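Below is one structure, written out as structure tokens; comments come after it.
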Amino acid sequence: MFFKNANIYTQDFAFHMGAFSVENGKFSEVLAKEVPADAIDLECAYVIPGLVDVHNHGNSNQDFSDGSYEGLKTMAGHLAAVGVTSFAPATMTLPYEVLAKAFANGKMLHDAAPEGHSRLMGIQMEGPFFSMKKKGAQNGAYLKNPDFEAFKKLQEDCGGMVRIVDVAPELPGSVEFIQKAKELCTVSVAHTDANYEEAKAAFDAGATHVTHLFNAMPPINHRAPGVIPAAAENPNVRAEIICDGLHIHPAAIRLAFKAFGAERMILISDALRCCGMPDGEYELGGQQVFLAGGVARLADGTIAGSATNLFECMRNAISFGIAPEDAIRAASWNPACAIGAQEEIGSIAPGKLADFVVCNPDFSRKAVYMGGQLV
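Quick note: the sequence shown uses our numbering, first residue 289, plus one each step.
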């Protein structure tokens, strides 16, 4: 199948007008020289890779931590429809047996890969190795100190599907945990009250990721810089950022892209089960969440995750002044790299899965394709 007259976002992170082809569900030629007469004319539309959300709890009144396979499949169907063609669902701070059930469902969906559903390419284990002071919307009743043996068992039982594990560096045993866990997956600094020295020790030990930058961590202080400068100055560290327009001020989004560079930023949704749902009362990790006016909060007013999707977060970033090429990279290639899936997804290149989104000039969505098939 050939597509012509497309503004293609290629692997050099720039747009090029041309044609591309799909064979057996994968891109075969990109910027093809010879184009058949019956090629599908995209009429100069923009074509970007399917987006990759590495921090997503749920949508459609479903949550990954519910431990329901059908619920997870519903989530994946919703994501595909909005152009998020791959994802790594995130758990909450919960007992190990609850996490194990969610992880098992993740492995099942990954293996089944139902047509027309977003591809589950990994899991983010968000909790329970967090600081009580910065637990945010996590359930404090289940917090634990880092435990590599417990993590290793969970990881082995789900066939290595955990691609990101989160930890607060100030907790006892965190450096040792990072040194061991980094051999199994990406290690992320999260829900932490760590000072600069503690954070730097974590990154020096092998943590290469920061979960929802600015949220659930100390703000930057010129005498007590904390996690954020420690992450920014380490070239190996990528940073997630929630770009729903509520969690982070647009100026802070722009600051983060300048501090880390577009090559190290990862846009995420941090979407909850209330994503795609009307205002009302919902549940998150055993706690009540109230959605009102697009903002999800706990009963005490603490802002929880978001009620939007990664595609809208990407468009928000563009509207905040981030170059489209940088916003797209932060929502596709960079997150694919963070979960070790860049050989399969995250860019439009020969041999990659043909997951792509056809967009209007304002990057609103026209059509979504997975494996070259219209969703």
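All C-beta atoms in this analysis are idealised placements derived from N, C-alpha and C, irrespective of residue type, glycine included. Predicted, not measured: the structure shown is a model, and the values here were computed from it.
Between the CA atoms of residue j and residue i - distance to the nearest angstrom
{"i": "I452", "j": "A493", "result": "15 Å"}
{"i": "E311", "j": "C473", "result": "31 Å"}
{"i": "V515", "j": "K468", "result": "21 Å"}
{"i": "G313", "j": "A655", "result": "17 Å"}
{"i": "F391", "j": "D354", "result": "11 Å"}
{"i": "C647", "j": "Y657", "result": "12 Å"}
{"i": "H535", "j": "A364", "result": "24 Å"}
{"i": "A512", "j": "M420", "result": "20 Å"}
{"i": "D567", "j": "Q350", "result": "15 Å"}
{"i": "A637", "j": "E317", "result": "8 Å"}
{"i": "G394", "j": "L360", "result": "8 Å"}
{"i": "G634", "j": "I328", "result": "23 Å"}
{"i": "A544", "j": "H537", "result": "11 Å"}
{"i": "Q426", "j": "L560", "result": "13 Å"}
{"i": "F291", "j": "C563", "result": "33 Å"}
{"i": "S348", "j": "G338", "result": "20 Å"}
{"i": "L572", "j": "A401", "result": "26 Å"}
{"i": "A368", "j": "N597", "result": "11 Å"}
{"i": "G404", "j": "Q576", "result": "32 Å"}
{"i": "G461", "j": "D650", "result": "48 Å"}
{"i": "P324", "j": "M289", "result": "9 Å"}
{"i": "Y357", "j": "C625", "result": "26 Å"}
{"i": "L387", "j": "P416", "result": "10 Å"}
{"i": "N344", "j": "A540", "result": "21 Å"}
{"i": "G424", "j": "K640", "result": "38 Å"}
{"i": "Q661", "j": "D399", "result": "19 Å"}
{"i": "I610", "j": "P434", "result": "36 Å"}
{"i": "F418", "j": "T480", "result": "6 Å"}
{"i": "E385", "j": "N503", "result": "27 Å"}
{"i": "V340", "j": "G371", "result": "9 Å"}
{"i": "V645", "j": "W621", "result": "14 Å"}
{"i": "S607", "j": "G574", "result": "35 Å"}
Boundaries (first-last residue) of the beta strand (DSSP E) holding residue i
{"i": "K314", "result": "314–318"}
{"i": "V342", "result": "339–344"}
{"i": "F578", "result": "575–580"}
{"i": "F502", "result": "Premise fails: F502 is in no beta strand (DSSP E) and is neither H nor E."}
{"i": "Y570", "result": "568–572"}
{"i": "M449", "result": "Segment: none, M449 is in no beta strand (DSSP E) and carries neither H nor E."}
Counterpart residues of residue i in DSSP-defined beta bridges
{"i": "C332", "result": "In the DSSP output, where bridge partners are listed per residue, C332 has none listed."}
{"i": "K440", "result": "Partner(s): none; K440 has no beta bridge."}
{"i": "N347", "result": "Q350"}
{"i": "N393", "result": "None, per the DSSP bridge assignment."}
{"i": "Y657", "result": "F644, L662"}
{"i": "S476", "result": "D454, H497"}
{"i": "S652", "result": "Paired residues: none, contrary to the question."}
{"i": "M363", "result": "DSSP, once it has assigned bridges, lists no residue as partnering M363."}
{"i": "L555", "result": "I529"}
{"i": "V585", "result": "Sequence inspection shows Arg at residue 585; the Val mentioned does not correspond to that position. For R585, which the question treats as bridged, DSSP gives the partners F578, I591."}
Simplified DSSP assignment, three categories, for residue i
{"i": "E471", "result": "coil"}
{"i": "R407", "result": "strand"}
{"i": "P612", "result": "helix"}
{"i": "I466", "result": "helix"}
{"i": "F290", "result": "strand"}
{"i": "V386", "result": "helix"}
{"i": "N427", "result": "coil"}
{"i": "L534", "result": "coil"}
{"i": "S607", "result": "helix"}
{"i": "A592", "result": "coil"}
{"i": "R526", "result": "strand"}
{"i": "M565", "result": "coil"}
{"i": "N295", "result": "strand"}
{"i": "M413", "result": "strand"}
{"i": "D399", "result": "helix"}
{"i": "M602", "result": "helix"}
{"i": "R511", "result": "coil"}
{"i": "K421", "result": "coil"}
{"i": "N433", "result": "coil"}
{"i": "D492", "result": "helix"}
{"i": "K546", "result": "helix"}
{"i": "A637", "result": "coil"}
Endpoints, alpha helix (DSSP H) assigned at residue i
{"i": "H304", "result": "Per DSSP, H304 belongs to no alpha helix (DSSP H); it is in the beta strand (DSSP E), 303–311."}
{"i": "V515", "result": "515–520"}
{"i": "E631", "result": "Taken as a continuous stretch (DSSP letters only), E631 belongs to no alpha helix (DSSP H), as it is neither H nor E."}
{"i": "P377", "result": "No alpha helix (DSSP H) contains P377, which is instead part of the beta strand (DSSP E) from 372–377."}
Proximity test, residue i beta-carbon vs the ligand FAD heavy atom, cut-off 6 Å
{"i": "C563", "result": "What this structure holds is no ligand at all, so the ligand FAD is not there to describe."}
Stretch-stretch touch, CB-based, cutoff 8 Å, three pairs: the stretch 406–423 with the stretch 376–390: Counting Cβ pairs under 8 Å, three or more are found: they touch.
contact_flag[the stretch 482–501, the stretch 524–540] where n(CB pairs < 8 Å) is 3 or more: Touching, yes.
Given 8 Å, three or more beta-carbon pairs between the stretch 427–440 and the stretch 381–399: With a cut-off of 8 Å, the stretch 381–399 and the stretch 427–440 count as touching, because enough Cβ pairs lie within range.
Cβ contact check for the stretch 617–637 and the stretch 552–562: 3 or more pairs under 8 Å: Touching, yes.
Any 3 or more C-beta pairs closer than 8 Å across the stretch 412–420 and the stretch 452–465: Three or more beta-carbon pairs drawn from the stretch 412–420 and the stretch 452–465 are found closer than 8 Å, and the two stretches are therefore classed as touching.
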